[in-house]
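Structure first, commentary second.
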Amino acid sequence: MKTNRHLTRLAPFLAVLAAYLAAGLAATHAAQPSVEALLKGGYNTSDFAGDVAVSGNYAYVADHDSGLQVIDVSNPANCVRVGGYDTSGSAFGVAVSGNYAYVADYGAGLQVIDVSDPTNCVRVGGYDTSGLARSVQVLGNYAYVADSEAGLQVIDVSNPANCVRVGGYNTSGSAQSVAVAGNYAYVADRTSGLQVIDVSNPANCVRVGGYDTSERAYGVAVSGNYAYVAAYTNGLQVIDVSNPANCVRLGGFDTSDARRVAVSGNYAYVADSTAGLHVIDVSNPANCVRVGGYVTSNARAVAVAAGRIYVADGTNGLVVLPTLANVQFTVRVEATLGVPFTLETATPLNAPITWTSLLTTNVPAMPFDYVDFDVKLTNKPQKFYRVRQP
277 MKTNRHLTRL
287 APFLAVLAAY
297 LAAGLAATHA
307 AQPSVEALLK
317 GGYNTSDFAG
327 DVAVSGNYAY
337 VADHDSGLQV
347 IDVSNPANCV
357 RVGGYDTSGS
367 AFGVAVSGNY
377 AYVADYGAGL
387 QVIDVSDPTN
397 CVRVGGYDTS
407 GLARSVQVLG
417 NYAYVADSEA
427 GLQVIDVSNP
437 ANCVRVGGYN
447 TSGSAQSVAV
457 AGNYAYVADR
467 TSGLQVIDVS
477 NPANCVRVGG
487 YDTSERAYGV
497 AVSGNYAYVA
507 AYTNGLQVID
517 VSNPANCVRL
527 GGFDTSDARR
537 VAVSGNYAYV
547 ADSTAGLHVI
557 DVSNPANCVR
567 VGGYVTSNAR
577 AVAVAAGRIY
587 VADGTNGLVV
597 LPTLANVQFT
607 VRVEATLGVP
617 FTLETATPLN
627 APITWTSLLT
637 TNVPAMPFDY
647 VDFDVKLTNK
657 PQKFYRVRQP
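Residue numbering for the sequence shown follows our numbering, starting at 277 and increasing by one per position.
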């Protein structure tokens with residue numbers, strides 16, 4: 277029997293490939309079977325991916341001087357650019373609502389792009405804000421723009437062909453990112469930390485509270501009573517905003533260069549420019565725990581949708597990773613057609629090693645992808661895979 281000992285190891289929530297080839301394998305004309313982790317997909321955009329939003333089968337990337345890029349991510353292993361729009365400014369931020377992508381286009385303000393046909397994206401309107409548009413969120417008829425030194429701008433986009441500024445608030449710092457929930461806009465205001473703005477009357481936006489993160493606040497996400505702030509070298513900060521007039525820090529997790537953050541369920545996903553993606557368990561805000569991550573070159577922003585993580589990774593473009601929800605993990609097998617193979621698993625690799633068969637099969641085409649829905653053996657799962665062929 278021929279055994280290939282390419283081992284694929286599942287580390288906490290994201291996979292790490294740990295492989296070695298055993299000596300003394302018998303010579304054979306057939307290719308040795310192998311197994312690898314299906315870790316990621318993506319698309320190398322032409323400029324600098326600074327932000328990403330996801331809707332359905334498409335990822336919308338703010339690609340700086342190349343404008344908006346629309347990527348078909350229905351098959352993460354083969355992401356394909358299907359269209360885009362070269363905006364007049366430099367695309368720093370993007371949000372998607374309905375048939376429109378809203379681009380924070382730096383010196384060119386807000387741009388509204390019709391993406392109903394992704395292969396033929398068309399600009400339908402916009403608004404030239406007074407500052408440098410870095411981030412945008414859309415809720416209902418309004419686009420909320422983080423406009424650097426001009427603070428928060430509120431734009432009525434109910435008629436995309438005639439966008440109108442209805443109000444805003446000139447924050448004390450430099451607005452880098454914005455999240456909106458209910459009657460409040462939460463602004464990551466660089467050196468001024470988190471700012472909470474009452475936008476219930478867009479024509480009369482009022483600051484009601486905030487929190488000094490003590491480091492530059494670049495990104496913010498809101499879920500329930502908590503605001504999650506990406507605060508540069510202070511990393512993730514979890515702020516209780518249940519009383520906006522008295523925001524209180526509950527906990528956090530230090531990272532090296534936190535830029536943006538997304539929250540899904542009990543996890544915060546932090547885009548860290550120097551360290552890549554961090555996955556942090558925030559189920560207990562007073563005791564945030566890093567449970568996994570993935571090293572990228574220049575993670576600038578992150579989105580989570582439909583069981584996948586989308587990282588805007590600067591000059592590397594878009595990176596797509598599994599969230600391993602529940603948790604699940606995919607491995608890919610390459611083996612000789614017409615010869616059955618067995619996929620086995622073990623945990624841990626302490627002697628004596630006990631390998632358990634997951635399946636024995638003979639498939640008509642290669643490669644063969646196997647999804648393991650039973651990998652959460654502990655709170656920090658480790659699982660190894662190998663494939664063998666007689």
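All C-beta atoms in this analysis are idealised placements derived from N, C-alpha and C, irrespective of residue type, glycine included.
Give me, in chain order, the residues of the same chain whose beta-carbon lies closer than 7 Å to that of residue i; leave out the 5 immediate sequence neighbours on both sides.
| i | result |
| --- | --- |
| glycine 365 | Asp381, Tyr382, Gly383, Ala384 |
| serine 518 | Asn501 |
| tyrosine 543 | Val555, Ile556, Asp557, Val558 |
| methionine 642 | Glu610, Ala611, Leu613 |
| phenylalanine 324 | Asp339, His340, Gly590, Thr591 |
| arginine 492 | Arg466, Thr467, Ala507, Tyr508 |
| asparagine 446 | Ala426, Gly427 |
Sorted by chain position, which residues of the same chain lie with C-beta nearer than 8 Å to residue i's C-beta, five sequence neighbours on each side aside?
| i | result |
| --- | --- |
| arginine 357 | Tyr319, Thr321, Gln345, Val346, Ile347, Asp348 |
| threonine 632 | Glu620, Thr621, Ala622 |
| threonine 630 | Ala622 |
| arginine 399 | Tyr361, Thr363, Gln387, Val388, Ile389, Asp390 |
| proline 677 | Absent from the model: residue 677. The displayed extent of the chain is 277 to 666, so no value can be given. |
| alanine 303 | Because alanine 303 sits at a pLDDT of 28, beneath the cut-off of 50, its placement in the model cannot be relied upon, and the point is left open. |
| aspartate 226 | Residue 226 is absent from the model: the chain starts at 277 and stops at 666. |
| histidine 305 | Its pLDDT being 40, under 50, histidine 305 is placed unreliably in this model, and the coordinates cannot settle the point. |
| cysteine 355 | Gly317, Gly318, Tyr319, Ala335, Ile347, Asp348, Val349, Leu594, Val596 |
| valine 565 | Phe529, Ile556, Asp557 |
| valine 496 | Ser453, Val454, Ala455, Tyr462, Val463, Ala464, Leu470, Ala503, Tyr504, Val505, Ala506, Val537 |
Cutting at 6 Å between CB atoms, please list the residues of its own chain near residue i, excluding the five before and the five after it.
| i | result |
| --- | --- |
| alanine 562 | Leu526, Gly527 |
| valine 440 | Asp432 |
| aspartate 530 | Gly511 |
| threonine 618 | Ser633, Thr636, Arg664 |
| serine 448 | Ser468 |
| serine 499 | Val539 |
| proline 309 | Asn280, Ala611, Phe617, Val663, Gln665 |
| alanine 437 | Val400, Gly401 |
| proline 640 | none |
Assuming residue i contacts residue j (C-beta within less than 8 Å), just tell me the rounded distance between them.
| i | j | result |
| --- | --- | --- |
| valine 578 | alanine 627 | That pair is no contact at about 39 Å. |
| alanine 521 | glycine 485 | 5 Å |
| alanine 455 | glutamine 413 | 6 Å |
| isoleucine 585 | tyrosine 646 | Contact flag wrong, Cβ pair sits at about 21 Å. |
| alanine 338 | glycine 359 | The Cβ separation is near 15 Å, so there is no contact. |
| valine 505 | leucine 470 | 5 Å |
| isoleucine 473 | leucine 428 | 6 Å |
| alanine 575 | glycine 552 | 5 Å |
| threonine 405 | valine 421 | 6 Å |
| alanine 329 | alanine 371 | 5 Å |
| glycine 444 | valine 430 | 5 Å |
| tyrosine 570 | valine 607 | About 17 Å separates the two Cβ atoms, so there is no contact after all. |
| proline 478 | valine 442 | 5 Å |
| serine 424 | serine 450 | 5 Å |
| isoleucine 515 | tyrosine 487 | 5 Å |
With respect to the beta strand (DSSP E) encompassing residue i, which residues constitute its N-terminal and C-terminal limits?
| i | result |
| --- | --- |
| alanine 582 | No beta strand (DSSP E) contains alanine 582, which DSSP labels as neither H nor E. |
| tyrosine 508 | That residue, tyrosine 508, is in no beta strand (DSSP E); it is neither H nor E in DSSP. |
| proline 598 | 594-598 |
| phenylalanine 617 | 617-622 |
| alanine 562 | First-last for alanine 562: undefined, no H or E at that position. |
| isoleucine 556 | 552-557 |
| phenylalanine 644 | 644-648 |
| glutamine 667 | Within the shown structure, residues of the chain are numbered from 277 to 666, placing residue 667 beyond reach of any answer. |
| threonine 637 | 632-637 |
| glycine 365 | Careful: glycine 365 lies outside any beta strand (DSSP E) and carries neither H nor E. |
| aspartate 348 | 344-348 |
| aspartate 327 | 327-331 |
| valine 475 | No beta strand (DSSP E) holds valine 475; DSSP gives it neither H nor E. |
| isoleucine 431 | 428-432 |
| arginine 441 | 440-445 |
| valine 498 | 495-499 |
| arginine 483 | 482-487 |
| valine 421 | 418-422 |
| valine 571 | It is not in any beta strand (DSSP E) - valine 571 carries neither H nor E in the DSSP assignment. |
| alanine 461 | 460-464 |
| aspartate 548 | 543-548 |
| serine 453 | 453-457 |
| glycine 317 | 317-319 |
| alanine 335 | 334-338 |
Fill in: Sequence ranges, beta strand (DSSP E) only - wholly within the segment 367-414, length at least 3
369-373, 376-380, 386-390, 398-403
Practice prompt. List in chain order: all unbroken beta strand (DSSP E) runs of 3+ residues lying wholly within the segment 514-538.
Written response: 524-529
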